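Okay, so here's the structure we're looking at.
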Ligand SMILES: [Zn+2]
């Protein structure tokens, strides 16, 4: 039985694809989104909605990443500037940008490969996210810690969480970032997003051209 087509699209987006076919994006197992030159969302494939549904991300994900919404509004903290800068560069230069990122849940460690394809004539971007690793968390590598506000809240009452690995900063030790699964399962309201040093060095410094 053919799979249900859950993709969503703004009609002006497919004509921008040039040599890329909408059917190919549709059949892509990973999640795919398309951006207009102003970085608003013009297309979401079925894989996008499948991933959101399988990870209990709905309806929050569709609200954050709705058709016509600006991609920058959906990204928090330092990661926002990082992604916007890279998307703009790919759009202007016509060069594909490839990188890896982590998108773990409370129970599962997951990394993805992201490929950002610029469309001809700076017409937009197609962003393909493919799963690389998916396995249960390794407690030896990332031991779980209980959600103790006193250990993690800074002097402003905020908890700093890494946008990439989602570990949180321990107040008394600037070098220490702990895995607190309860705050990955349910994000506290007083959370701010940044990058831990490891992710900063790996994701920022390594990919700067
Ligand atoms: Zn990190």
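In the working numbering, the protein residues as written are 28 to 236.
No residue lacks a Cβ here, since even glycine has one placed at the ideal position from N, Cα and C.
Bear in mind the structure is a predicted one, so any value in this text is a computation, not a measurement.
Task: CB of residue 153 within 9 Å of CB of residue 143, strictly - done: yes
Task: Bridge partners - residue 96, DSSP secondary structure assignment - done: DSSP lists no partner for residue 96.
- [ ] For the beta strand (DSSP E) containing residue 131, list its first residue and its last residue.
- [x] From DSSP, residue 131 is part of no beta strand (DSSP E); its letter is neither H nor E.
Open item on the list: Please classify residue 190 as buried or exposed, where buried requires at least 16 other C-beta atoms within 10 Å of its C-beta.
Closed with: buried
Task: Where residue 40 sits in the DSSP three-state scheme - done: coil
- [ ] Count the C-beta pairs between the segment 175 to 185 and the segment 66 to 80 that are closer than 8 Å, then say yes if the count reaches three, no if not.
- [x] no
Open item on the list: Between which two residues does the alpha helix (DSSP H) holding residue 120 run?
Closed with: 105 to 120
Open item on the list: Quick check on residue 66: does DSSP put it in helix, strand or coil?
Closed with: coil
Open item on the list: With distance defined between alpha-carbon atoms, name the residue in 188, 146, 149, 207 nearest to residue 169.
Closed with: 207
Open item on the list: At a threshold of 8 Å, does residue 204 count as lining ligand 1 (C-beta to nearest heavy atom)?
Closed with: yes
Open item on the list: Please enumerate, following chain order, all residues with a beta carbon closer than 5 Å to at least one heavy atom belonging to ligand 1.
Closed with: 189, 191, 192, 223, 226
Task: Sequence-distant residues of the same chain with beta carbon closer than 8 Å to residue 28, five excluded per side - done: The pLDDT assigned to residue 28 is 42, lower than 50, so where the model puts this residue is not dependable; a value taken from the coordinates is nonetheless given after this. So the list is empty, once near-sequence residues are dropped.
Task: With 16 other Cβ atoms within 10 Å as the buried cut-off, status of residue 106 - done: buried
Open item on the list: Measuring alpha carbon to alpha carbon, tell me which residue in 93, 94, 205 is nearest residue 167.
Closed with: 205
- [ ] Compute the beta-carbon to beta-carbon distance between residue 140 and residue 125, rounded to the nearest angstrom, for a pair I have assumed lies under 8 Å.
- [x] 7 Å
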